[in-house]
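Numbering (UniProt numbering), first residue to last: 1 to 310.
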């Protein structure tokens, strides 16, 4: 295979109670990458579309190609020549794993280009290095679901231990991205370094309840567990109209609504696509009422993860 084009999906990280340890993939938006073998050794980023000139074309600094270097070193093909075109189809600073989609697309595409010598599990550390370039920390709660698809738990980072969770068949997600930008760095810097034990206990209970709800396909338990008593009360202050939008989603039938990643996107889980569409529309209208335009993305939880387009 001399040329491939790959897609990697957006993701919802934290999932209310699961700060830095839970995430799941959605169908859209996502990033695409074209990659082909060339005679001249080295990695070259030929073009980037959709980024408004914001991303570096230096392959050592771009999240889409950092994982490619890692891959080539692993398989002993450092002298290979690869030409890359990245199509950014996700908003920056959205809380939907924009950098993760790029690095996963790169890792997945180069693996396909070399006839898939590595498993998804072996590609994960490479994708995490792309996250390190993007935000300074090699978190897996976006890249793991983007790479594996479905719902994942990052049980441990040292050693790395990622667990794939069951996804109930009718579990759907309604994400709304308001046209504002929240810096991941800013959203992390405002968090408290210490939390009361009573809050930690409540959060642990919700994490356990959410995982049990997924495994048992118990939608009521999932809904009861989608509560964040530690991060959301602080980060919600960065999102204008958050409380109003959350109330609109709950009134429209959401089983649980919270901030996606570091925000400002707000996700809701529910049972069935019809209800998901209704919830998304309610959130769009709630933002519109305070003068903020937004985009909506409605899908089932994406169990497939990245895919080869050609």
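Note that beta-carbon positions come from the ideal geometry of N, C-alpha and C, so glycine has one too. For clarity, every value in this text was computed on a predicted model and none was experimentally measured.
Rounded straight-line distance, which links the Cα of residue j to that of residue i
i	j	result
residue 24	residue 41	36 Å
residue 98	residue 220	31 Å
residue 31	residue 261	17 Å
residue 82	residue 277	41 Å
residue 290	residue 240	8 Å
residue 297	residue 282	13 Å
residue 9	residue 249	24 Å
residue 182	residue 96	11 Å
residue 137	residue 189	13 Å
residue 210	residue 223	8 Å
residue 322	residue 139	Past the edges of the chain, shown from 1 to 310, lies residue 322, and the structure says nothing about it.
residue 169	residue 207	20 Å
Nearest to residue i (by Cα), restricted to the options the options
i	options	result
residue 287	305, 303, 243	243
residue 115	133, 95, 72	72
residue 85	204, 161, 7	7
residue 166	231, 214, 77	214
residue 271	263, 285, 252, 284	252
residue 22	121, 157, 38	157
residue 132	110, 67, 92	67
residue 123	224, 69, 92, 94	69
residue 5	107, 217, 279	107
residue 309	196, 34, 77	34
residue 306	229, 110, 198, 231	110
residue 160	90, 141, 191, 46	141
residue 29	197, 94, 191	94
residue 193	234, 205, 280, 216	234
CB contact flag (residue i, residue j, <9 Å)
i	j	result
residue 294	residue 178	yes
residue 12	residue 173	yes
residue 263	residue 226	no
residue 153	residue 162	yes
residue 175	residue 301	no
residue 3	residue 113	yes
residue 51	residue 88	yes
residue 231	residue 202	no
residue 16	residue 63	no
Residue(s) in a DSSP beta bridge with residue i
i	result
residue 270	172
residue 151	24, 165
residue 256	269
residue 82	37, 43
residue 308	6
residue 48	86
residue 30	9
residue 298	174
residue 94	Looking at the DSSP assignment, residue 94 forms no beta bridge with any residue, so it has no partner.
residue 69	DSSP output for residue 69 lists no bridge partner at all.
Proximity test, residue i beta-carbon vs the ligand ADP heavy atom, cut-off 8 Å
i	result
residue 304	In the structure on display, the ligand ADP does not appear, and there are no ligands present to speak of.
Any C-beta of chain D under 9 Å from that of residue i
i	result
residue 127	Absent here is chain D; the protein component of the structure consists of one chain.
* To do: Determine contact between the segment 100-107 and the segment 125-145, defined as no fewer than three beta-carbon pairs at a distance below 8 Å.
  => When C-beta atoms of the segment 100-107 are compared with those of the segment 125-145, three or more pairs fall below 8 Å, so the two segments count as touching.
* Could you say if the segment 248-259 and the segment 267-285 meet the contact criterion of at least three C-beta pairs nearer than 8 Å? => Segments in contact, yes.
* Touching or not, the segment 54-62 and the segment 143-162, by the rule of three or more beta carbon pairs under 8 Å? -> Output reads no: the segment 143-162 does not touch the segment 54-62.
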